[in-house]
Amino acid sequence: MDKNRRNFLKGAAAAGGAATFAAGYYGPLEKMGKGLVNGTSGVATADRLHGNSLAPEYSVDPKTGAVSLNPDQRIAFTVCYGCTTKCGVRVRIDKNENRVLRVSGNPYHPLSSDEHLDENTPVQEALRRMSSFRDQGQLNRSTACARGNAAMAQLTSDQRVLECLKRTGPRGSNQWETISFEQLLDEIVAGGDLFGEGEVEGLRSIRDLNTPLDPDNPEYGPKANQLLMMEATDYGRSALLKRFAFNAFGTRNYGHHGAYCGLAFRMGSGALMNDLEKNAHVKPDYANVEFALFIGTAPSQAGNPFKRQGRLLAQARSTGNLEYVVVDPALTAAASHAAGDRSRWISILPGTDTALAMALIRWLLENEGYAKDYLAVPGNKTAGESGEAGHTNATHLVIDEDTHPRAGYFLRLSDIGQAEAGTDHDHPVVVNQAGELESAESASSGQLFVERRVQTSDGPVRVRSSLFKLRQEAMRHSIEEYAEICGIDAAVIRELARRFAGFGRKAAADAHGGMMSGAGFYASYAVNMLNLLVGSFNQKGGVAKGGGSFNGVGAGPRYNLADFPGKVRPRGVFLSRSRFPYEKTSEYKRRLAAGESPYPATAPWRSLAPPILTEHLLSGLEGYPYRIKAMIGAMANPMYGQAGLTSLLEEKLKDPKNIGLYVAVDGFINETNRFADYIVPDSVMYEVWGFTGAWSGTLTRMTTACWPVVEPRQARTAKGEPVSLDNFFIELGRRLDLPGFGDNAIEGADGRMHALNRAEDFYLRAAANIAMTGEPLPSATEEDISASGIEPLLERIRDTVSEDEAGPVARLYSRGGRFETMDKAYNNEKLGHAWSRPLCVYNEAVGTAIDSYSGRRFVGTPTHHEPRFWDGSRLRDHYPESDWPLLAFSFKSNLMNSYAIGLERLRMIKPYNPVLMHHNDAVRFGVRHGDTISIESPGGKVLALALVGDNVHEGAIGIEHGYGHRELGASSHIIDGQERAGNPYLAAGVNINDLGFSDPTRRDGTATWLENVSGASVRQGLPVRVSVVPYIA
Amino acid sequence: MDKIRRALLGQIAKLTAGAALVPLSSIASAGINDQPPRREGDPEKRYAMLIDLRACIGCQACTVSCHIENEAPLGSFRTIVSQYEVEHEDTGDSATFMLPRLCNHCENPPCVPVCPVQATFQRQDGIVVVDNEVCVGCAYCVQACPYDARFINEYTQTADKCTFCAHRLDVGLLPACVESCVGGARIIGDLRDPESQISRMMKEHYSELMVLKPEMGTAPHVFYLGMDERFVSRPDAKPAIWDVRDQQGEEIGYEFSGH
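Protein chains in written order, with UniProt numbering: chain A, 1 to 1033; chain B, 1 to 259.
Take a look at the structure:
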């Protein structure tokens, strides 16, 4: 290697290495001579020059730009299910074969387009704008990503579940028979001896809204809570599922993938944004931000919104003003060599992000690297006067003495006798510039760092300002100590802080699922605090919550889809013991009455956390707080996604005595629903109804409308409707005589009642609500209808909604949704859609919540702690570095996801996930590049191939997520006596979650390791050891 | 060692020193072989592609959309993005380098003269194509291409490669890879039209553009912006690992290696 060169090459890091492109190099020689002199021995192609390439979907006249549609194809707009971004796409369909040909982006859609088109643009004009006419289609693109392109293989997969299945062997034995949809409904509703294993309680009996499920603990609610609903995530159909679950069946228990996806991040963000109900989060305003710091997220490698971030990042670093740093244990696509100094990767030890963030906070506070004037704004009044879109609580005073009855709460006017407690005027108190106590809503400015004693109605007490408390926490360690913990040089941290502060309100810190460590909640809270301190919230070039969506499923202008006669309000304690303080349980009171210490609780009660699937399952099978009797899961796969769950859950779930009934709704058999008793075949992407929004970072308001652009392929009900998630819940609701389903279930604005007997009864009415919101949409033109391929939908629209709604609804589907125009993104130097709640330097709810192990209050500001277990003991107290020298972490693949392994066009590019190992660790453990290694954790062991290099932090083992499957086509199943063979290539590689383990401080085997505050699954920073496996095959 | 890995290691060529900027002025000059006359296609146009590597995020949307659009067999590629790890020797910083690859539609395509039946030819608009009705699948062109851009299609048994999606360009649409380029890195267009986006960018960035293996004299018409000059020839890099293993550690090879 030429040492004079500035850079040198380290390796073909991963996908699409030289090997694949040159694959044609080696085969052809053998084939010489096979061809005839006058042509090929292969199958004749469709065209002599263009081979078997697809026929174009339309053509554009090079002179006039006139668009001519191909009469054999349709273009339709709907949603992609390839990841949770849920981009709007344009789907090319062969009309004659009802087959999807290829997919690209919906030009009206902000998640797919550079600059999305005004929805008043006629569809043919939009198609011209996507063509090569005057280079328009590449000056402003609308794209689909690799997975979005490959995902259409789901439709035609030979691993798809197309019939209703009932197990014929023991749970998990992979033996099934096909039954009719009606038989399936009969059996799950009535119960009985369904499997020759004894009585199973049916859903009709479980749906009891009156009998308490546990008379000793009446707060647990009625028996109906013993149905647990699971869903992967909201792909646009959750509203109907929840209508069934909460408001018709009346169970309290629903969980989705969030708790093993990014919950620790989301809650840390929610704490800062004063939104622990929905846990709002922000993304940088990529087009205008000048310095971005990514910690625990790698835009353009992965993340949500994937394409939007990727393209904005790419443009900002090539032709814009962006400089950015990616902090990650692994080198990913986010750090670009071609972009030169515009991007930089800094590696970090997994699970130590809090140390870095607290060091940065400390530097900002010690060097006045914060937005002083902005932080001094105490309330809404001054914020409005000074042109700020909101304010923080930096100056608000916290009652900071444990003996005070209101310890941890903000000092309010009522505490100093100036207002009545609980009234609208009972504002927080600040110290104004004159040094006096004053209402946050009257003071023009507050002092930032305050510590003093004040007289309250409950006596004298020490108060401290929020920012003072944050500084106290940040100062607990020196920057050198933080540097030692996270493995980043102190000088690098200082320089990073200086750069970040230097860009002021045009700097952004961004985090996401990389925060899922044993300290994730506070890590995320701390990273988000950087944005608060420099004042980048709501700024053009700062961080953005986003534009939100149009709600079609509420009490809309045309139909009330939120309320209906007989609507149930679910009640009782969540199975996951969240959002309910332990101190209010009967158990707590009994223990107190018996004279014993109520702490630690039997298991964690997390008053701040939302319902979490990470606790639901084991709690429901273990029976604390109570048992579940039945479970319905829709596309959910926690046994693949939650670290350590499979080994704890599998045997318990297999035993019908623990849970009588498990019904899955899914298009595929996955690692979890393979234990189901019944599988209801579902529509897959492009066959579904629904409405989806965008997560954060999309600056304008938008809703994607999804409809079955191709006919579902699975079984039909006796009435001729496709068996699907929607029709399953509708028919189940009708069988159970539940309110909100069947005839007279939906009330129109005119007072007339309408039926909910099939999916479109719900979705087309939601479409009418969206189309008629605010200024109603105009009707679709004939040209729009043919160019957007919605002819097959028209009859259903006309049959379902009123005459004056039909045109606007057609118009909605002709654009693939409803989209605010781009000019609404900004309002001068502020964002058009501001987050107006006060931002929390100190979160009162966090600071007054009680840890159910210790009985002590949580820290209300960001704080540093090491990854820890429920009892507060540290990871390394139990699993010392001497035994477990490395920390494993996962990172998102830029191709694969947790359910994409069945897509052959992704497997052909990246068939496998060798694990990343630093070369110093390789030397230390005698591993060579390409060796097979055993990776062992306290909970499991996997075999992997080592990819040795400099692209990972020393001491860490990086595992790309999405591989190591056992199902989704990897295993064989017997259906009606016939074997459906599995494909071993779908099982290739390793899954980090097989290295998860149980929390040693909780009752044996009852819980995986979860982050304390949020209950989020811990998968970043799992202690492991490695050894070389002698040569195998 | 399995076949794939052996094949891979065999390909690692020594880094070529001194690979320089593309001499754009030489594009129209005579080639390394006598080229047969160009035929078909629009004589008023010269198609080319410019790839802004700074904007490439390595997402492989081009790879997959091309594969679908052109019905390539699984495991064979008309285009793909190679990904490399590069380390800065002074600072120790590492970064990722993405290199999209495809047929270069050379001005002097070495694949054309070697075809014994003249199935491979260059259109007047510069696009190099294969006549599937004439091709005998001898693979001379596959061997002749210095860019590994060709393969024998296992279904058709003919030579296969990128056509710049000529079937789409001819009707006013964009190639699949360009249409789906998430980062906006791929720019296609007509070099003879001075107003085209590619002509404007070529002019603006003339001195920064590079092509692959300029020393071969092929005058490629895929131009790279933001290129590291050491990548214009096959880099001397440690290989990625392709010996796929199952969960028991058994090697199961590359699923599509039969192709």
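Backbone N, C-alpha and C fix where the C-beta goes; we use that ideal spot for every residue, glycine too. Nothing here was measured: the structure is a model prediction, and the numbers come from that model.
For H337/A, the nearest beta carbon of chain B is closer than 7 angstroms to its own beta carbon.
According to DSSP, residue pairing for N560/A in a beta bridge involves A555/A and E747/A. In the three-state reduction of the DSSP assignment, G88/A falls in the strand class. Assigned with DSSP and collapsed to three states, S937/A falls in coil, not helix or strand. Note: F77/A is bridge-paired with R90/A in the DSSP secondary-structure output.
Along the length of the segment 444-519 of chain A, whole alpha helix (DSSP H) runs at least 4 residues long occupy 466-474, 479-486 and 490-502, reported in chain order. For the 7 angstroms CB-CB criterion, D682/A and G667/A form a contact. Between F891/A and G964/A, the C-beta spacing is not below 7 angstroms. For the segment 40-54 of chain A, the residues whose beta carbon sits under 8 angstroms from a beta carbon of chain B are, in order, T40, S41, G42, V43, A44, T45, D47, R48, L49, H50, G51, N52, S53 and L54. Interface annotation, C83/A: not in contact with chain B, CB-CB separation never under 7 angstroms.
In this structure, L530/A lies near L360/A, with their beta-carbon atoms less than 7 angstroms apart. In this structure L212/B does not touch L225/B by the C-beta definition: roughly 13 angstroms separates them, more than the 8 angstroms allowed.
The C-alpha of A357/A is placed about 23 angstroms away from the C-alpha of R837/A. Contact between H973/A and I669/A is confirmed by a C-beta separation of about 6 angstroms, below the 8 angstroms threshold.
Using a 10 angstroms sphere on the CB of L162/A, the tally of other CB atoms stays under 16, which defines it as exposed.
When C-alpha distances from T78/A are compared across N52/A, N106/A and V60/A, the shortest belongs to N106/A.
Residue range A759 to A771 is occupied by the alpha helix (DSSP H) that includes L764/A.
As computed with DSSP, N149/A is found in no beta bridge at all. Annotation for G169/A: Q175 place their beta carbon closer than 6 angstroms to its own, counting only its chain and skipping 5 residues before and after. S132/A and L169/B do touch by the CB rule: their CB atoms are close to 7 angstroms apart, below 8 angstroms. Here the C-alpha atom of C840/A lies approximately 22 angstroms from the C-alpha atom of F503/A.
DSSP places F256/B outside both helix and strand once states are collapsed to three, so it counts as coil. The Cβ atoms of R46/B and G172/B do not sit closer than 7 angstroms to each other. By the beta-carbon neighbour count (other beta carbons within 10 angstroms, threshold 16), A944/A is buried.
At a cut-off of 7 angstroms, the C-beta of F133/A has a neighbouring C-beta in chain B. Annotated as proximal: T698/A and G547/A, with beta-carbon spacing under 7 angstroms. By the beta-carbon neighbour count (other beta carbons within 10 angstroms, threshold 16), L139/A is exposed. In this structure, A474/A and L365/A form a Cβ contact; the two beta carbons are roughly 6 angstroms apart against a cut-off of 8 angstroms. When 7 angstroms is used as the limit between beta carbons, M639/A is near no residue of chain B, the shortest such separation being about 15 angstroms.
Under the DSSP definition of a beta bridge, I959/A partners with S890/A. For A144/B, the enclosing alpha helix (DSSP H) has its first and last residue at Y140 to A144. Ranked by how close their Cα comes to the Cα of P405/A, the residues W363/A, P212/A, L413/A and D458/A have D458/A in first place. For P638/A, there is no enclosing beta strand (DSSP E); the enclosing alpha helix (DSSP H) covers residues P638 to G641.
Residues are counted here when their Cβ sits less than 7 angstroms from a Cβ of chain B; for the segment 890-924 of chain A these are N894, L895, E904, R905, R907, M908, I909, P911, Y912 and P914, given in chain order. Chain B has no Cβ within less than 7 angstroms of the Cβ of R74/A.
Taking C-alpha positions only, G65/A is separated from H109/A by approximately 22 angstroms.
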